[in-house]
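Novice: Sharing a structure with you now.
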Amino acid sequence: MSAVVAILAAIAAAATAWFAGVRRLLNRSKQVARAVIVDPEEHTTIDADGAVRSVQAADLTAPIDLLDEIWKPEHLERLARTYWRFLSRCTLGLIRILYREDGRDVVLLTRPFVLLSFHAPEYEMRADRGIVRWRIARGLLVSRVGHNADGYLEIDVTRKPGETPDVGLVHVEVEVANFYPSLASGIATWFYTNTQSRIHVIVTHGFLRSLARGDLAESRVGSLRTIDEVPDPQPARRAQEPAAP
Numbered sequence: 001m002s003a004v005v006a007i008l009a010a011i012a013a014a015a016t017a018w019f020a021g022v023r024r025l026l027n028r029s030k031q032v033a034r035a036v037i038v039d040p041e042e043h044t045t046i047d048a049d050g051a052v053r054s055v056q057a058a059d060l061t062a063p064i065d066l067l068d069e070i071w072k073p074e075h076l077e078r079l080a081r082t083y084w085r086f087l088s089r090c091t092l093g094l095i096r097i098l099y100r101e102d103g104r105d106v107v108l109l110t111r112p113f114v115l116l117s118f119h120a121p122e123y124e125m126r127a128d129r130g131i132v133r134w135r136i137a138r139g140l141l142v143s144r145v146g147h148n149a150d151g152y153l154e155i156d157v158t159r160k161p162g163e164t165p166d167v168g169l170v171h172v173e174v175e176v177a178n179f180y181p182s183l184a185s186g187i188a189t190w191f192y193t194n195t196q197s198r199i200h201v202i203v204t205h206g207f208l209r210s211l212a213r214g215d216l217a218e219s220r221v222g223s224l225r226t227i228d229e230v231p232d233p234q235p236a237r238r239a240q241e242p243a244a245p
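Per the UniProt record's numbering, residue 1 is the first one in the sequence shown, and the count goes up by one each step.
Here's what the structure looks like:
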């Protein structure tokens, strides 16, 4: 058993170092804003039944004129697309996003190696807050109990006053909730915590920092144009009680 633990620990360390190196490479660009990671103290938790909740967050400060220009539903779509583009880039193309009319598939190179499958994105937006949410359908990384259940991936952006009138602040949170990983118990939980979970945190931090470049990908859909087309965000909810689809 000790030999197995040592091997798993070595794999975890190698994966972490690789992703950290890729993150540093991707963040070498001119910035139009400043990003500071502000994760909650308990950013990743696992319930007794195996459900994972992970929240990573950052505060971005930028000129108020720039924020006014991009605070539109179409840019919320572009932010969503940027997340998937970053995931593919930071894995050097090993992870790819395949688009369907009714969802997205995160694959290892190609189908049938679907790691995560999501339903179509849901958008909510108002003058000071925007949300894009993908509900988890299934995938190799999802245990059977988590198939088409209450799990979701969500990007939540909130505008706040900056320190000066000409500077604005945007708080960005990336949350995974009610996610049941295939690795669910015993040493498998330890392995999940030190590999898949840790890699997720590193990649998400890299994505949040990359937003300071202001380089948003073009949306594959481009269906949203005005805030009136998007429902208002709902009141804060518990991770175990997502809004009705």
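For every residue, glycine included, the Cβ atom is placed at its ideal position computed from N, Cα and C.
Please go through the same chain and pick out, in chain order, the residues whose beta-carbon is closer than 8 Å to the beta-carbon of ASP102, but skip the five residues on each side of it.
Specialist: Result list for ASP102: HIS119 and ALA120, in chain order.
Novice: Which one of VAL32, GLU41, SER197 and TYR123 has the shortest CA to CA distance from LYS72?
Specialist: Closest option to LYS72, Cα to Cα, is TYR123.
Novice: What are the start and end residues of the alpha helix (DSSP H) that includes residue 246?
Specialist: The first residue shown for the chain is 1 and the last is 245, placing residue 246 beyond what the model contains.
Novice: Here's the rule I'm using: 16 or more other beta-carbon atoms within 10 Å means buried, otherwise exposed. How should THR110 be labelled?
Specialist: Answer is exposed; the Cβ neighbour count stays below 16.
Novice: Sorted by chain position, which residues of the same chain lie with C-beta nearer than 8 Å to LEU26's C-beta, five sequence neighbours on each side aside?
Specialist: Any reading at LEU26 needs caution, since the residue's pLDDT is 49, under 50, leaving its predicted position unreliable; the model's value is listed next. Excluding sequence neighbours, LEU26 sits near PHE86, ARG89, CYS90, GLY206 and SER210.
Novice: Under a three-way DSSP split, which group does TYR123 fall into?
Specialist: Residue state, collapsed to three classes: strand.
Novice: Who are the near neighbours of MET1 in its chain, counting only those whose CB is closer than 6 Å to its CB and skipping five residues on each side?
Specialist: Bear in mind that a pLDDT of 43 at MET1, under 50, signals an unreliable position, so the number given afterwards is only what the model happens to contain. Result list for MET1: empty, nothing under 6 Å.
Novice: Using a Cβ cut-off of 9 Å (strictly closer), state whether ARG85 contacts chain B.
Specialist: Among the chains in the structure shown there is no chain B, since it carries only a single protein chain.
Novice: Which residues bound the alpha helix (DSSP H) around TRP84?
Specialist: Note, TRP84: alpha helix (DSSP H), 73-90.
Novice: Tell me, which residues are paired with ALA35 by DSSP?
Specialist: In DSSP, ALA35 forms a bridge with LEU60.
Novice: With C-beta atoms as the reference, is VAL132 less than 9 Å away from SER182?
Specialist: No, these two residues do not count as a Cβ contact at 9 Å.
Novice: For THR158, which of ALA149, GLU42, GLY168 and ARG53 has the nearest alpha-carbon?
Specialist: Nearest of ALA149, GLU42, GLY168 and ARG53 to THR158, Cα basis: GLY168.
Novice: Is it true that the CB of GLN31 sits closer than 9 Å to the CB of ARG213?
Specialist: Closer than 9 Å, so yes.
Novice: What does a CB cutoff of less than 6 Å around VAL170 pick up in its chain, not counting 5 residues either side in sequence?
Specialist: These residues qualify, in order along the chain: LEU60, VAL157 and ARG159.
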